[in-house]
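Here the sequence shown stands for residues 2 to 193, numbered as in our numbering.
What follows is one structure encoded as structure tokens, with my remarks underneath.
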Amino acid sequence: MVSIDLAARIERVLFTEEAIARRTHELAAQITADYTTGGFARDAAGRPLFLVCILRGALVFMADLARAMPVPVEYDLISVSSYGNGTAPGAVRLVKDLQRPIEGRDVLIVEDIIDTGYTIEYLRRNFEARDPASVRVCTLVDKVARREIQTQVDYIGFELEKDAFVVGYGMDYAELYRNLPYIGVLKPEYIR
Ligand code: IMP
Numbered sequence: 002m003v004s005i006d007l008a009a010r011i012e013r014v015l016f017t018e019e020a021i022a023r024r025t026h027e028l029a030a031q032i033t034a035d036y037t038t039g040g041f042a043r044d045a046a047g048r049p050l051f052l053v054c055i056l057r058g059a060l061v062f063m064a065d066l067a068r069a070m071p072v073p074v075e076y077d078l079i080s081v082s083s084y085g086n087g088t089a090p091g092a093v094r095l096v097k098d099l100q101r102p103i104e105g106r107d108v109l110i111v112e113d114i115i116d117t118g119y120t121i122e123y124l125r126r127n128f129e130a131r132d133p134a135s136v137r138v139c140t141l142v143d144k145v146a147r148r149e150i151q152t153q154v155d156y157i158g159f160e161l162e163k164d165a166f167v168v169g170y171g172m173d174y175a176e177l178y179r180n181l182p183y184i185g186v187l188k189p190e191y192i193r
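Now the structure itself:
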């Protein structure tokens, strides 16, 4: 029988709510230090760090990461999707662009998970063409073993050594499970 209890559909939890919160606060502290005293800031006008959330997966992580940073930040949202079959592998399409210009700004792209690397590499190039002061990348989960193209990732929450399709804390399978407060692997009977 199909369970309507989301947690009952999870085979195993990889990262608990507490572990995610702890790691998010560590990342927020590191990013804050880097852009305040650490000399990472390149914005000639001294404006706050500009966070960019990649919808929809990074929404939950970005909300927690931004709130763990005790300094002024701005943020905007962008949405991309992968092209379906029949196109070049890794082709990425912009679905919703930023609403604000990033020219001259220090930009930190916030991603839920980096898999092949195509999405983040597309965005980095897209943003670099807009003449920002700097572009860096923060991801909560990095599937290092799955990388198909090289891409620079500056802040990593957790590395997934072994390949696994994960859900929860913003990440979905067929648009479900984003509201689970932890990250886990689905039971096979819930994957079609
Ligand atoms: P990439 O372009 O292959 O690096 O894909 C990155 C995107 O694929 C992420 O932003 C996610 O939306 C999605 N993705 C990759 N692996 C997973 C996973 O294990 N669970 C949920 N979404 C995933």
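Backbone N, C-alpha and C define an ideal beta-carbon position, used for all residues, glycine too.
Just so we're clear, the structure is a prediction, and the values are computed from it rather than from any experiment.
**Request:** Buried or exposed for Lys163, please, with buried defined as at least 16 other CB atoms from any protein chain shown within 10 angstroms of its CB.
**Result:** If you number the sequence shown from 1, residue 163 lands on position 162. It counts as exposed.
**Item:** Length-filtered (4 minimum) alpha helix (DSSP H) runs lying within the region 46-77
**Value:** 60-68
**Message:** Classify Tyr84: buried if its beta carbon has 16 or more other beta carbons within 10 angstroms, exposed otherwise.
**Reply:** Counting from one through the sequence shown, the residue named residue 84 turns up at place 83. Tyr84 comes out exposed.
**Reduced DSSP secondary structure (H/G/I, E/B, other) of Asp35** = Taking the sequence shown and counting its residues from 1, one reaches residue 35 at position 34. In this structure, Asp35 counts as helix in the three-state DSSP scheme.
**Asked** Using DSSP with H/G/I as helix, E/B as strand and the rest coil, what is Val154?
**Response** On the sequence shown, position 153 is the one that residue 154 refers to. Secondary structure at Val154: coil, using DSSP grouped into helix, strand and coil.
**Message:** Please classify Val72 as buried or exposed, where buried requires at least 16 neighbouring CB atoms within 10 angstroms.
**Reply:** In the sequence shown, counting from the first residue as 1, residue 72 sits at position 71. That one is exposed.
**Asked** Looking at the unbroken beta strand (DSSP E) that takes in Arg137, where does it start and where does it end?
**Response** Sequence index remark: in the sequence shown, residue 137 carries index 136 (1-based). Start and end: 135-143.
**Message:** Would you call the region 119-126 in contact with the region 93-111, where contact means no fewer than 3 C-beta pairs closer than 8 Å?
**Reply:** yes
**Message:** Using a Cβ distance threshold of 8 Å, determine whether the region 171-188 contacts the region 146-155, with at least three qualifying pairs required.
**Reply:** no
**Prompt:** So which of Arg43, Val3, Cys54 has the shortest CA-CA distance to Asp77?
**Reply:** In the sequence shown, residue 77 corresponds to position 76, counting from 1. Measuring from the Cα of Asp77, the nearest candidate turns out to be Cys54.
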